[in-house]
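**Q** Structure in structure tokens, see below.
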Ligand SMILES: Cc1cc2nc3c(=O)[nH]c(=O)nc-3n(C[C@H](O)[C@H](O)[C@H](O)COP(=O)(O)O)c2cc1C
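In the numbering used here, the protein residues as written are 41 to 266.
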């Protein structure tokens, strides 16, 4: 009887060891997924949702928060009216007032900044965002959609408004051609190829950048966790 009792005690304690080990492994895995993750925000301006879709693909790959830049007074619905308003704003150096503010922006390790090309420049609301948020030496990663004419002066606009930022190589993608009535294009096979381009771009950035490497590792550990 006594012998049976000891065997039972031994069995229970070794079983609880096994369970404790399993728990520790799971906790370690979760900690690995959460502890080392750099803090990331994906800020974007989008009128016809192309840049927004790219922002969402980036979020799927690296996590973090998505923040749309919103204006106090939105631009006109009409494309030509918007083009004209933007032209005048750029000429006057006018920075439109925003609804969007991010508190403690420098607490983020990485800021992705997405914008369409407008009048071959960074759109005035994105300039407003940079003028209103002191990013210091934060790592900023630009991404852009355009009608096929490229980012224009978007990158020099970025460094003009954010002198000390560490700007990593950007991603430029063909988006809509609103002038010709082509608005949202990020669907079907094209969306699949854009998503692959986003992933490839992030992997390339991660080769020389520990923060991006950390973000990608964190996200894949999260996906692998049960
Ligand atoms: C006011 C305005 C000006 C634009 N100017 C340009 C331009 O100079 N060059 C260009 O390639 N595309 C230009 N575009 C097209 C946008 O960059 C393109 O459609 C982009 O994909 C839109 O992104 P979104 O869907 O996120 O708003 C302009 C669009 C607007 C609304």
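By construction, the Cβ of each residue, glycine as well, lies at the ideal position given by its N, Cα and C atoms. All figures in this text were calculated on a predicted structure; none of them were measured in a lab.
Residue 251 by DSSP, collapsed to three states: which one?
**A** Note: residue 251 maps to helix in three-state DSSP.
**Q** Decide if the region 179-191 is in contact with the region 130-147; the criterion is three or more beta carbon pairs, one per stretch, under 8 Å apart.
**A** At 8 Å Cβ cutoff, the stretches do not touch.
**Q** For ligand 1, I want to know if residue 92 counts as a neighbour, meaning its beta carbon is within less than 7 Å of at least one of the ligand's heavy atoms.
**A** Yes, the Cβ of residue 92 comes within 7 Å of a heavy atom of ligand 1.
**Q** On the three-state DSSP scale, how would you describe residue 194?
**A** The answer is helix: DSSP assigns residue 194 an H, G or I state.
**Q** For residue 154 versus residue 95, is the C-beta spacing smaller than 8 Å?
**A** Against a cut-off of 8 Å, the Cβ pair of residue 95 and residue 154 comes out as a contact.
**Q** Which residues does DSSP pair with residue 185 in a beta bridge?
**A** Partner(s): 156 and 213.
**Q** With a threshold of 6 Å on Cβ separation, who are the neighbours of residue 211 within its own chain once the five nearest residues in sequence on each side are excluded?
**A** So the list reads 183 and 241, once near-sequence residues are dropped.
**Q** For residue 107, which residues from the same chain have a beta carbon less than 8 Å from its beta carbon, with the 5 sequence-adjacent residues on both sides left out?
**A** Excluding positions up to five away in sequence, the list reads 81, 82, 83, 84, 140 and 142.
**Q** Between which two residues does the alpha helix (DSSP H) carrying residue 222 extend?
**A** Per DSSP, residue 222 belongs to no alpha helix (DSSP H) and is neither H nor E.
**Q** What separation, rounded to the nearest whole angstrom, lies between the Cα atoms of residue 158 and residue 137?
**A** About 17 Å.
**Q** Across which residues does DSSP place residue 80 in a beta bridge pair?
**A** For residue 80, which the question treats as bridged, DSSP gives the partners 150.
**Q** Work out the CA separation of residue 237 and residue 91 for me, nearest whole Å.
**A** Residue 91 and residue 237: Cα-Cα distance of roughly 14 Å.
**Q** With respect to 7 Å, is the separation between the Cβ of residue 241 and the closest non-hydrogen atom of ligand 1 below this value?
**A** The answer is no for residue 241.
**Q** On a Cα-Cα basis, can you pick out the residue from 160, 206, 177 and 197 that is closest to residue 187?
**A** With distances taken between Cα atoms, residue 187 lies closest to 160.
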